[in-house]
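Everything below concerns the one structure shown next.
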Amino acid sequence: MDVKRFTLSIIVENKPGVLTRVSGLFSKRGYNIDSLYVSHLPEDVQFSRIIVTSSGDDDTREQIVKQVDKLHDVKDVKII
17 MDVKRFTLSI IVENKPGVLT RVSGLFSKRG YNIDSLYVSH LPEDVQFSRI
67 IVTSSGDDDT REQIVKQVDK LHDVKDVKII
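Using our numbering, the first residue of the sequence shown is number 17, and each one after it goes up by one.
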């Protein structure tokens with residue numbers, strides 16, 4: 017298993033509980049968050065960007081992206 021660090025950029029709506037749902041998804045599946053950063057998008061204050069750094073193999077990364085993308089308030093997720 018080839019475990020590597022990766023960073024996700026997640027665009028979410030600015031609504032109460034969104035950060036809890038995103039971080040809870042990691043917790044429920046036993047994935048560790050190494051770092052977390054949240055900021056408003058300068059071009060549209062209705063949305064924020066969450067930057068999450070974690071570790072895992074290729075399958076883990078794909079699974080995290082798919083699961084995060086299913087969350088209701090998530091507009092975009094990608095590995096950067």
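Every residue, glycine too, gets a C-beta built ideally from N, C-alpha and C. No experiment lies behind these values; they were computed from the predicted model shown.
Rounded to whole angstroms, what is the Cα-Cα separation between residue i and residue j?
i, j, result
"Phe22", "Gln83", "16 Å"
"Val19", "His56", "31 Å"
"Tyr47", "Gly72", "8 Å"
"Gly40", "Asp50", "14 Å"
"Asp92", "Phe42", "17 Å"
"Asp74", "Lys94", "14 Å"
DSSP has residue i in a bridge; who is on the other side?
i, result
"Arg37", "Paired residues: none, contrary to the question."
Let's test the definition: count the other Cβ atoms within 10 Å of the Cβ of residue i and tell me whether it reaches 16, buried, or not, exposed.
i, result
"Ser64", "buried"
"Val90", "buried"
Please name the residue in the options whose C-alpha comes closest to that of residue i.
i, options, result
"Ser70", "Val61, Asp85, Leu52 and Pro58", "Leu52"
"Val34", "Ile95, Lys94 and Lys86", "Lys86"
"Asn30", "Val81, Val54 and Val68", "Val54"
"Pro58", "Ile95, Ile27, Val90 and Val38", "Ile27"
"Gln62", "Lys94, Pro32, Ile96 and Leu24", "Pro32"
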